[in-house]
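**Q**
Protein chains: 2
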Amino acid sequence: MDTEGHLPVKTRQTMVTGPQEETSGVLAVERRLKVLERVAEDQAIEVSTLARDFQVSEMTIRRDLRRLERDGFVRRTYGGATTHLVRTFEVGALARTLHHAKEKRIIAKRAAELTVGVRAMFLGIGTTVENFARYLPAREDLMVITPSLAVASLLGTRNVRVIIAGGLVRQDELTCVGASAVEAVRRYNTDTAVIGAAGLSARRGITELDDRDADVIRGGLERTERILVIADGSKFGAVAMSTVVPIEQVSTIVTDISADAGEIERIEQAGIEVVVAGTEGSLLHPAENGRVRVTTVRRPA
Amino acid sequence: MDTEGHLPVKTRQTMVTGPQEETSGVLAVERRLKVLERVAEDQAIEVSTLARDFQVSEMTIRRDLRRLERDGFVRRTYGGATTHLVRTFEVGALARTLHHAKEKRIIAKRAAELTVGVRAMFLGIGTTVENFARYLPAREDLMVITPSLAVASLLGTRNVRVIIAGGLVRQDELTCVGASAVEAVRRYNTDTAVIGAAGLSARRGITELDDRDADVIRGGLERTERILVIADGSKFGAVAMSTVVPIEQVSTIVTDISADAGEIERIEQAGIEVVVAGTEGSLLHPAENGRVRVTTVRRPA
DNA sequence: GCCAGAGTTTGAACACAATCGAACACGAGT
DNA sequence: ACTCGTGTTCGATTGTGTTCAAACTCTGGC
């Protein structure tokens, strides 16, 4: 669901209709979210019903569903849509996925290209990592350990071996925290750890908002060969309360062009590779953009 | 299972018919799923019966069966269809979810009433338990341990302290399995365990389809004071492969009136309390009250 | 065991209804 | 000027009901 490039836009409704209860979604994004909610609730629902309830044309609902399908949230059927991802899996959290959706998708795809061939992976938490998981090609020989329920759900329904940390579930983020979670993630040796960050600066390194989350992530980085950080530009220069790791320990950072150039330079001076997604393939065929170069760049594992 | 690459459609019904009960499947996909369910349930069923029950022409049923046969789910016979698949075995998750949705809701609400005041609870897996979680009043002083990602997600977003087992995530059901999951759930002492069941019989006790799930659930029951089983009527008398616990260890069973009376009696004779939700009426809204009967009355089989 | 005829069931063909997607136009926000 | 979301139109696709001839099952008689 991506609401694509940018957001909102008011619905106009040339269509004249009687008074409606819902009325709710004035914004397109909101409507999409509610559409998803409905599908998740009812397991299966018709286009006509949704169109009536939201007071929009069926074509619009179809477009919404198409998007939701593209992003893996629902499955379209003739006349409506269903979801196997039944698990009403926090539609609320998915709402946050909407923010900066396009940038996140670009970063996620780029990062996915950097992890081709990796066999054992630690995945962190946050919407950026969730997006990464979404675009991660499913491979049977891939093993993932994560403290995030969202990531586990996303990959668990696909052909990936997923291990979830276990322990107390943190309320808003739905992440596993606490001693047993830390202990669990520390038990595994991984080729690559892919994590997000609340803040990312040359001086303070990778930082998180919640110290319990930070503890778990730090545990997950303990036995990994390579740390890959994915973060949109807004995180550059930001410093959150709990430091996860100093910047020197990071192998590669994937971000987008909105990232502060000065901060990037400082980080690169520390010897960290910074990959700016969406810029490299400008000379290539738009369709192939990025992909070609990426595969050559990636380390052979 | 999708019974087809893509599907179906809304039923139109030029055919004029009497009042309808199920109403459920407006989407053709849903109907196909339900058709499959019926075939799996009864082992063998006639086209005419299905046509009547679903209020569509026999030709449509034939077309549905043809598809299901093409996909290997059923075998067509003259006048109907059969299947070698045993009961709900192998019938996809979506089908199971759609099936008996209303009954499950009624049961869930009733069961929630039976757990007021409980402080520490083990929750099992399956759609019935998920429904239970949905209707469980959130209380801060409630602590829940579960191997189900869906349950953890549902409760984690609310004001409940949730602990998830951890370990390998089973692909279709999104449940934690394996040694570490078993070990995790065994660590906690709970007042009540609320579990579902694939099968429930006086002779074979509570049974599950997947032995790894069964192991984990068994672990969760190890240190609990009271075992509450919730299961819709279709589970009565059914026996799945792995036994979780013998019937004697169960404290209470909550089901609906579609449950086989004979089996209920046998279970009660073993000293188990069986609560049939929806019959005592007083606690339910009159509106829903009627519905229970309707939906359950169907399936005279 | 075999056969013929009655009653069912089936599937192809047709007609109609519903849904879908591409293309275009409009309006609002940038 | 450009983009994005939306509604509308229209041809294509898909699902459904009906008809009818062919195929099938069953039964009774030999």
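Chains A and B supply the protein sequences, listed in that same order.
In terms of this note's numbering, the first sequence is residues 1 to 301.
In terms of this note's numbering, the second sequence is residues 1001 to 1301.
We put the CB at the ideal spot given by N, CA and C, even for glycine.
Once the 5 residues before and after A/Ile163 are set aside, which same chain residues still bring their CB inside 6 Å of it?
**A** In the first sequence, residue 163 of chain A corresponds to position 163, counting from 1. Closer than 6 Å at the Cβ level, and outside the excluded window around A/Ile163, lie Ile145.
**Q** Is A/Gly220 near A/Ala197, with beta carbons less than 7 Å apart?
**A** To locate residue 220 of chain A, count along the first sequence from 1; it is residue 220. To locate residue 197 of chain A, count along the first sequence from 1; it is residue 197. No.
**Q** Taking B/Glu1263 as the reference, give the member of B/Gly1205, B/Gln1055 and B/Ala1165 with the closest Cα.
**A** On the second sequence, position 263 is the one that residue 1263 of chain B refers to. If we check each option's Cα against that of B/Glu1263, B/Gly1205 comes out closest.
**Q** Got a sec: which bits of the segment 1025-1044 of chain B sit with their beta carbon under 7 Å from any beta carbon on chain A, in order along the chain?
**A** Val1026, Leu1027, Ala1028, Val1029 and Glu1030
**Q** How many Å lie between B/Glu1140 and B/Ala1152 at the Cα?
**A** Position 140 of the second sequence, counted from the start, is the residue given in the question as residue 1140 of chain B. Position 152 of the second sequence, counted from the start, is the residue given in the question as residue 1152 of chain B. Answer to the nearest angstrom: the Cα atoms are 15 Å apart.
**Q** Helix, strand or coil for B/Ile1247, going by three-state DSSP, please let me know.
**A** Taking the first residue of the second sequence as 1, we reach residue 1247 of chain B at position 247. In this structure, B/Ile1247 counts as helix in the three-state DSSP scheme.
**Q** At the 7 Å Cβ level, is B/Ala1152 part of the contact set with chain A, yes or no?
**A** Translated into the one-based positions of the second sequence, residue 1152 of chain B becomes position 152. Yes, its Cβ sits closer than 7 Å to a Cβ of chain A.
**Q** List the endpoints of the continuous alpha helix (DSSP H) containing A/Ala152.
**A** Taking the first sequence and counting its residues from 1, the one referred to as residue 152 of chain A is at position 152. Run containing A/Ala152: Leu149 to Gly156, per the alpha helix (DSSP H) assignment.
**Q** Quick check: what's the CA-CA separation for B/Ala1028 versus B/Leu1149?
**A** Here residue 1028 of chain B refers to the residue found at position 28 of the second sequence. Here residue 1149 of chain B refers to the residue found at position 149 of the second sequence. In a straight line, the C-alpha of B/Ala1028 is about 30 Å away from that of B/Leu1149.
**Q** So, does the CB of B/Ile1164 fall closer than 7 Å to a CB anywhere in chain A?
**A** Walking along the second sequence from the start, residue 1164 of chain B turns up at place 164. So yes, B/Ile1164 belongs to the interface.
**Q** Using the C-alpha atoms, what's the distance from A/Glu37 back to A/Leu168?
**A** As a first step, residue 168 of chain A is located in the first sequence; it is residue number 168 there, counting from the start. As a first step, residue 37 of chain A is located in the first sequence; it is residue number 37 there, counting from the start. Using only the alpha carbons, I get a separation of about 26 Å.
**Q** Since A/Glu273 and A/Ser251 are thought to touch, with beta carbons under 8 Å apart, how far apart are those beta carbons, to the nearest angstrom?
**A** Walking along the first sequence from the start, residue 273 of chain A turns up at place 273. Walking along the first sequence from the start, residue 251 of chain A turns up at place 251. With a Cβ gap of about 7 Å, A/Glu273 and A/Ser251 count as contacting.
**Q** Starting from A/Ser57, follow its DSSP beta bridges and name the residues at the other end.
**A** As a first step, residue 57 of chain A must be located in the first sequence, where it is residue number 57. DSSP output for A/Ser57 lists no bridge partner at all.
**Q** Between A/Ala184 and chain B, is the shortest Cβ-Cβ distance under 7 Å, so that the two count as touching?
**A** Position 184 of the first sequence, counted from the start, is the residue given in the question as residue 184 of chain A. Answer yes: the Cβ-Cβ gap between A/Ala184 and chain B drops below 7 Å somewhere.
**Q** Of all the CB atoms in chain B, is at least one closer than 7 Å to the CB of A/Leu228?
**A** For the purposes of this step, residue 228 of chain A is taken as the residue at position 228 of the first sequence. For A/Leu228, the answer is no, since every Cβ of chain B falls outside 7 Å of its Cβ.
**Q** Go ahead and pull the three-state DSSP assignment for A/Thr77.
**A** Here the question's residue 77 of chain A lines up with position 77 in the first sequence. Here A/Thr77 sits in strand by DSSP.
**Q** In chain A, which residues lie with their C-beta within 9 Å of the C-beta of B/Leu1123?
**A** Locating residue 1123 of chain B in the second sequence gives position 123, counting from the first residue. Correct list: empty, because the minimum Cβ distance to chain A is about 12 Å.
**Q** Looking only at its own chain, which residues have a Cβ that is under 6 Å from the Cβ of A/Met143, when we skip the five neighbours before and after it?
**A** Indexing the first sequence from 1 puts residue 143 of chain A at position 143. Within the same chain, A/Met143 has close Cβ partners Ala120 and Arg161.
**Q** Quick check on A/Asn131: buried or exposed, where buried means 16 or more other Cβ atoms within 10 Å of its Cβ?
**A** Walking along the first sequence from the start, residue 131 of chain A turns up at place 131. Answer is buried; the Cβ neighbour count reaches 16.
**Q** Tell me whether the beta-carbon of A/Thr190 lies closer than 7 Å to the beta-carbon of A/Phe122.
**A** Reading the first sequence from its first residue, position 190 is the one you call residue 190 of chain A. Reading the first sequence from its first residue, position 122 is the one you call residue 122 of chain A. Their beta carbons are under 7 Å apart, which means A/Thr190 touches A/Phe122 by this criterion.
**Q** Please name the residues in the segment 165-176 of chain A whose beta-carbon is closer than 7 Å to at least one beta-carbon of chain B, in chain order.
**A** Flagged, chain order: Ala165, Gly166, Gly167, Leu168, Val169, Gln171, Leu174 and Cys176.
**Q** Can you list, in chain order, the residues of its chain whose CB lies under 8 Å from that of B/Val1245, leaving out five sequence neighbours each side?
**A** Within the second sequence, numbered from 1, the residue matching residue 1245 of chain B stands at position 245. Contacts found: Gly1205, Ile1206, Arg1218, Leu1221 and Ile1227.
**Q** Taking just the CA atoms, how far does B/Asp1172 sit from A/Arg32?
**A** Looking up residue 32 of chain A in the first sequence gives position 32. Looking up residue 1172 of chain B in the second sequence gives position 172. The straight-line gap from Cα to Cα measures roughly 26 Å.
**Q** Against A/Thr157, what residues of chain B qualify as contacts under a CB-to-CB distance less than 9 Å, listed in chain order?
**A** On the first sequence, position 157 is the one that residue 157 of chain A refers to. Gln1171, Asp1172 and Leu1174, listed in chain order.
**Q** At the level of alpha carbons, what is the spacing between B/Ile1195 and B/Thr1224?
**A** Here residue 1195 of chain B refers to the residue found at position 195 when the second sequence is read from its first residue. Here residue 1224 of chain B refers to the residue found at position 224 when the second sequence is read from its first residue. Computed Cα separation, rounded: 12 Å.
**Q** Any beta-carbon of chain A closer than 7 Å to the one on B/Leu1149?
**A** Numbered from its first residue, the second sequence carries residue 1149 of chain B at position 149. With a threshold of 7 Å between beta carbons, B/Leu1149 makes contact with chain A.
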